[in-house]
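Colleague: Input: one structure, supplied below.
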Amino acid sequence: MNSELPDLDPPSPADEMALRERGQFTSLLLGAGILIPLGLVVMSVMSGRHLWLTLLNLGGMYGGLWVMVRGWRDERGRLVTLGGWCMAASLALCLVVLSLLP
C-alpha cells in the first residue's frame, strides 16, 4: 500500500494555462506532422518528380508518429521524444535532399 497521499492542492491558474498552451502546441505540431508529408506527396505527384523521396519522408514521419503514440499510450516519455526527433529528422532530411536535387 502506498503511504503517500495524493496532492490535494488545486492547480493554480498559471499551471492550468501552461498545460493548455502545451496541449495546443502539441496539437499544432501533430497536425503539421500529419499534413506536411501528405502535402509533399501531393506536390511531387502533381509535378511528377521525386516521388520516391517524398514517400520515404511519409514513411519516416508516420513511423515517428507511431512511436510517439506508443510512447503516450505506455506513458514512456523517452519514446515520445524519440518519435518527435524521428519526425523532425525525416522532414529535415527530405527538405535538404529536395533542395539539392535538380
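Heads up: the sequence shown begins at 4 in this note's numbering, then just goes up one per residue. Positions of the beta carbon are idealized from the N, C-alpha and C atoms, including for glycine.
Say whether chain B places a C-beta atom closer than 8 Å to the C-beta of residue 44.
Modeller: This model lacks chain B altogether; it includes just one protein chain.
Colleague: Buried or exposed, going by whether 16 or more other CB atoms sit within 10 Å of the CB of residue 15?
Modeller: Within the sequence shown, numbered from 1, the residue matching residue 15 stands at position 12. With fewer than 16 other beta carbons inside 10 angstroms of its own, residue 15 counts as exposed.
Colleague: Need the endpoints of the alpha helix (DSSP H) that residue 77 sits in, please.
Modeller: Stepping through the sequence shown from its first residue, residue 77 is reached at position 74. Here the alpha helix (DSSP H) through residue 77 covers 54-77.
Colleague: So which of 84, 45 and 40 has the shortest CA-CA distance to residue 29?
Modeller: As a first step, residue 29 is located in the sequence shown; it is residue number 26 there, counting from the start. Cα-wise, what sits closest to residue 29 is 84.
Colleague: Please indicate yes or no: does the CB of residue 47 lie closer than 7 Å to some heavy atom of the ligand FMN?
Modeller: Inclusion of the ligand FMN in the displayed structure is not the case, the ligand content being empty and no account of it being possible.
Colleague: For residue 12, which of helix, strand or coil comes out of DSSP?
Modeller: Mapped onto the sequence shown, residue 12 falls at position 9. Reduced to three states, the DSSP call for residue 12 is coil.
Colleague: Near residue 110, which residues of its chain fall below 7 Å by C-beta distance, leaving aside the five closest residues on each side in sequence?
Modeller: Here the chain covers residues 4 to 105 and nothing more, so residue 110 does not appear.
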